[in-house]
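Peer 1: Please read through the structure below; I'll follow up with questions.
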Amino acid sequence: MEPYCCRKSLKSLMADHFIYDLSAVVMHHGKGFGSGHYTAYCYNSDGGFWVHCNDSKLTMCTMEEVCKAQAYILFYTQRVTLMNGHWRMSVLDSPSGKQANTEVNGSNAKSDS
């Protein structure tokens, strides 16, 4: 957590490291958390669409349906950014907080850590 809590570490992080996209929404259906039923909306990033997952039934849905859902848990994915012609995703190694950058150019991936 150091890079996100320590003021010195915050200065070294770029603003695009703090961009996240909603990737899943879990809903609880029922009166109590000891019983009931869970369903989820999951985003398919390859196809660019949302899917409602309910046991063995999968249904494509709209973003409007996802936004109207009574969320129990939200999942986010850190956005990958393009820098210097390479795709770049920041990953913070635990527990040292050392930052490793992964670059992807075409189908090749390399890490500078």
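The letter at position 74 of the sequence shown is residue 74 when you use full-length UniProt numbering, and the numbering goes up by one with no holes.
Beta carbons: idealized from backbone N, C-alpha and C, even for Gly.
In this text, all values refer to a predicted model and were calculated from it rather than measured experimentally.
1) Could you check if residue 20 is buried or exposed, using at least 16 other CB atoms within 10 Å of its CB as the buried criterion?
2) Quick check: residue 28 and residue 72, are their CB atoms within less than 8 angstroms of each other?
3) Looking only at DSSP bridge pairs, what is residue 55 linked to?
4) When DSSP labels each residue in this structure, what does residue 49 get in the three-state scheme?
5) With which residues is residue 70 paired in a DSSP beta bridge?
6) Tell me the residue span of the beta strand (DSSP E) that contains residue 62.
Peer 2: In short:
1) exposed
2) The Cβ atoms of residue 28 and residue 72 sit closer than 8 angstroms to each other.
3) In the DSSP secondary-structure assignment, residue 55 is not bridged to any residue.
4) strand
5) Per DSSP, none; premise fails for residue 70.
6) Segment: none, residue 62 is in no beta strand (DSSP E) and carries neither H nor E.
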